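The structure under discussion appears below in the form of structure tokens.
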Amino acid sequence: MKIDLTQARATVRELAEALEALDGTDVIERPSREARRLNSHTSRTLLRLAHLGDRASVEIMDVYHDFKLRDDPQQGNDH
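Position in the sequence shown (from 1) plus 622 gives the number in the numbering used here.
See the structure below:
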């Protein structure tokens with residue numbers, strides 16, 4: 623068995639690229655339609671970044687659980 627973290631690595635790479643793109647973004651504080659639009663985009667992007675972090679964690683845990691079941695077959699029969 624080989625541990626395959628391809629999906630998790632791709633997700634982390636996507637997350638890192640998006641973090642780099644968003645880092646240093648100016649928040650527009652004046653009340654205007656353009657400011658609301660840009661700040662809304664930033665808010666959605668931050669939510670997407672949080673989702674990517676969660677997704678990477680789940681992908682890693684999937685690999686971990688697969689490994690544990692193969693490593694200790696008796697543990698898989700307890701459930």
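All C-beta atoms, glycine included, are put in the ideal place defined by N, C-alpha and C. The structure displayed is predicted, hence computed values, not measured ones.
For D688, the enclosing alpha helix (DSSP H) has its first and last residue at R655 to D693.
Taking 8 Å as the upper bound for CB-CB distance, L637 and G675 are in contact here, some 6 Å apart. Rounded to the nearest whole angstrom, the CA to CA distance from S654 to H673 is 29 Å.
Counting only residues of its own chain and dropping the five nearest sequence neighbours on each side, T664 has a CB closer than 8 Å to the CB of L644, T647 and V649. Per DSSP, the unbroken alpha helix (DSSP H) holding T633 starts and ends at T628 to L644.
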